[in-house]
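Notes for the one structure printed next.
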Amino acid sequence: MKEIALKAGDTVVVARGDLQALLDALAARDYTLIGPTVRDGAIAYCEIRTVEDLPAGWEDEQDGGTYRLHRRGDGRLFGFTVGPHSWKQFLYPPVLKLWEARRNGHGFTVHRDESPQPRRAFIGVRGCELAAIGVQDQVFLHGKYVDSTYQARREGVFIVAVNCGHVVSTCFCVSMKTGPKVGKGFDIALTEILDADGHRFVAEAGTARGAEVLAAVPHRPADASDRAAAEVVSANAEQAMKRSMDTEGIRDLLYNNAEHPRWEAVANRCMTCANCTMVCPTCFCHTVEDVTDLSGSHAERWRKWDSCFTMEFSYIHGGSVRPSASARYRQWMTHKLASWIDQFGTSGCVGCGRCITWCPVGIDITEEVRAIRETDRAAEEG
Amino acid sequence: MAPTKAKTASKPRLAVWKFASCDGCQLSLLDCEDELLAVAGAIEIANFPEASRAVAKGPYDVSLVEGSITTPHDAERIQMVRKQSRYLVTIGACATAGGIQALRNFADVKEFTSIVYATPQYIQTLKKSTPITDHVFVDFELRGCPINKHQLVELVSALLNSRKPNVPTYSACIECKRRGTVCVMVAQGTPCLGPVTQAGCGAICPSYHRGCYGCYGPKESPNTAALSVGWSRLGVRGDDLVRVYRTYNAYADAFRRESEAHEK
Ligand code: SF4
Ligand code: SF4
Ligand code: SF4
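Going down the list, the protein sequences come from chains A and B.
Residue numbering for the first sequence follows this note's numbering, starting at 1 and increasing by one per position.
Residue numbering for the second sequence follows this note's numbering, starting at 1001 and increasing by one per position.
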């Protein structure tokens, strides 16, 4: 096929059989491919090479504290939603050595690993996930200080997004305005269509480099019926979404209800295990640990994901500022949904539902907001 | 913690003591031979029953204590260890919580000895197996059954370098998630003690598709009641809930109370 130049904004159709060509085109441009694959009973994000690595024919079922995979009965490659992993583990690794130092006479020399990061192509980024990457960009790149470790990883990333055609009970991206159709920030966005006309992808180029890659993949121009079919996929997903969070005035709602019996009620169920913060694609808190070897001649500084659910997180001289589970849950939810807005100009929640599914006891952030809203003390007084 | 003698002329002296235990934790120390050889010149190992029978007299800078107190003789011996030690660190579930032998604390020990021994009157044993901290002041606790070699090296390095040891008290779930394991409780419906158990092992069991057994004992602020509700949803009830909390850390406060709450 002759390569025809494409530009950002162009939409084409790629046949299922030609999706491998897209992966190959990215690999040829020196990208390491990271995508969804079935592992240990869930869809995990791992390094992939071929279309065969994708979870063809798998569908997830999720609810508070439960996740199960089962066969869909068709061959869709992206017929599932978000799993236990998120892209943050590649941009903001869970455990990272920042630098090491060696004793050297009376002083010491510091060594920092500054070898270039591999360029990664993320395959199958969903609407809520693209929004989450945007939130972390805001935190790590667009504030007063730039996190160089995040920047080094983020710069090279190529994003192949996917518009969701299937939702699970924990999704609430519609109310958070992050999906199911992906927003800004992708290089290529795919909508998977499987109907009487065959198995194909409507592919939109979001950037010039996305267009350049798409041009190298066998395709035909998208016509009105292809576009309409893609719109139906997103509309159906939106229709199917049952969960929601009412974000109207949420910042003041939570600020005004710092004292509310619901915090105690949720603390009775919350184990302060921190799973919710670990799986959340926007949570960015970490701790820094210095270690030395036995001889004292070698020291290392490590950064590790931390959580506002631990005691040490708020430990200052004399003790932990938030010893109770209610104070810790309140801190998490109030930061995520209220003070985040003051701090970064956006909500810290993109509605992916991970914290609901991966909480071993199924605590539901949307339910907690609802409970507080229904008994809003300020509103009752006013 | 105050600085040790690490940087003064005399070498810091380390002693290892054994009480009622299986020796597994001491073996973790032997397993650190490479790390220990590196500092063989920097510290003096004054007493280490698993490695050598020689005992050098006290005082000691650091005493690592393995095992629980189960006999009147041991109850006296631990006082002697404390008196001679600058820092006393308990290692393992026996020393920090009473160990598996603390199952006797939930029953009548006389009944056991009369069944097991031909002449039970020769057996001098206490009614309860108790952690070291019930008898003397403990400076630091290393959890686990057995302890983790890396945590041990970390602790000794921290003591020698006069810094705070990095031994977190949060949940095993944090380690589990950092290593990217898919949660067995959520994805497979396998009951797991991770949410109430202290980190330290690196969340090994879930990475082999098993629930956490709670070897590191209760974490900081453990909400065992909430976890039991979660477990009952997975079909674990009554006696089984009692047994879950009655293993190596059965007598650790939070686990003991939770197991008692499910006793009929
Ligand atoms: S708070 Fe929960 S639903 Fe919101 S982004 Fe984080 S994990 Fe997803
Ligand atoms: S809300 Fe759930 S996942 Fe989060 S700390 Fe509490 S029990 Fe753990
Ligand atoms: S498998 Fe166990 S330790 Fe790991 S996150 Fe789940 S509950 Fe926690």
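Ideal placement from N, C-alpha and C gives every residue a C-beta, glycine not left out.
These numbers come from a predicted model, not from an experiment.
Scanning G348/A, A215/A, A152/A for the CA closest to the CA of A132/A turns up G348/A.
Distance from F1106/B to S1068/B at the Cβ level is roughly 15 angstroms; contact not present, criterion being Cβ atoms closer than 8 angstroms.
With its beta carbon less than 8 angstroms from one in chain B, A44/A belongs to the interface. K181/A counts as buried, since at least 16 other C-beta atoms from the protein chains shown sit within 10 angstroms of its C-beta.
Proximity of the beta carbon of G1180/B to ligand 3 is not indicated: no heavy atom of the ligand is located closer than 7 angstroms. G183/A is not bridged by DSSP to any residue. Under the three-state reduction of DSSP output, K1264/B falls in the coil class, being neither helix nor strand. For I372/A, the enclosing alpha helix (DSSP H) stretches over residues 365 to 374. Scanning chain A for C-beta atoms nearer than 9 angstroms to the C-beta of N1249/B yields nothing, as the closest lies near 17 angstroms away.
Straight across, the Cα-Cα distance linking T334/A with A1199/B is about 27 angstroms.
Inter-residue distance for S148/A and D195/A is about 46 angstroms (C-alpha atoms, whole angstroms). The Cβ atoms of C1205/B and N1148/B do not sit closer than 8 angstroms to each other. Only those residues of the region 287 to 306 of chain A whose C-beta falls short of 9 angstroms from the nearest C-beta of chain B are listed: T287, E289, D290, V291, T292, D293, L294, S295, G296, A299, W302, K304, W305, D306.
Secondary structure in the region 172 to 225 of chain A: the alpha helix (DSSP H) runs of 4 residues or longer, each lying completely within the stretch, are 173 to 176, 208 to 215 in chain order. The straight-line gap separating the alpha-carbon atoms of Y1251/B and M1080/B is approximately 25 angstroms.
Cβ-Cβ distances below 7 angstroms link H70/A to E59, E61 in the same chain, with the five nearest sequence neighbours on each side left out; the list follows chain order.
Check the Cα spacing between L22/A and each of E204/A, S320/A, F344/A, C270/A: the tightest is with E204/A.
Scanning chain A for C-beta atoms nearer than 8 angstroms to the C-beta of S1157/B yields V291, T292, D293, L294, G296, reported in chain order.
Within the same chain, A56, G57 come within 6 angstroms of G75/A by CB-CB distance, once the 5 residues on both sides are set aside.
N257/A counts as buried, since at least 16 other C-beta atoms from the protein chains shown sit within 10 angstroms of its C-beta. L130/A carries a helical assignment under DSSP once its states are collapsed to helix, strand and coil. Here R262/A has E368, A371, I372, T375 as same chain residues with Cβ atoms under 8 angstroms from its own Cβ, once five neighbours each way along the sequence are excluded. Ranked by how close their Cα comes to the Cα of C283/A, the residues D290/A, M271/A, D293/A, R354/A have R354/A in first place. Excluding the 5 residues flanking it on each side, G210/A has same chain C-beta neighbours closer than 6 angstroms at D187, I188, in chain order. Residue contact check for C171/A against chain B: no CB pair falls below 8 angstroms. CA-CA distance, Q331/A to C308/A, rounds to 7 angstroms. Not a single heavy atom of ligand 2 lies less than 7 angstroms from the C-beta of V1186/B.
Taking a C-beta cut-off of 7 angstroms against chain B, the contacting residues of the region 336 to 362 of chain A are T357, W358, P360, V361, listed in chain order. Proximity of the beta carbon of T272/A to ligand 2 is indicated: a heavy atom of the ligand is located closer than 7 angstroms. The continuous stretches of alpha helix (DSSP H) do not include E248/A, and DSSP gives it neither H nor E.
For C1205/B, no beta strand (DSSP E) encloses it; the enclosing alpha helix (DSSP H) starts and ends at 1204 to 1207.
Counting along the chain, the unbroken beta strand (DSSP E) around F1140/B starts and ends at 1140 to 1142. Residues of the same chain with a CB within less than 7 angstroms of the CB of Q1084/B, apart from the 5 flanking positions on each side, are G1058, P1059, Y1060 in chain order. Looking at the DSSP output, Y1087/B sits in a beta bridge with V1062/B. For P261/A, not one C-beta of chain B is nearer than 8 angstroms to its own C-beta.
For C46/A, the secondary structure class from DSSP, reduced to helix, strand or coil, is strand.
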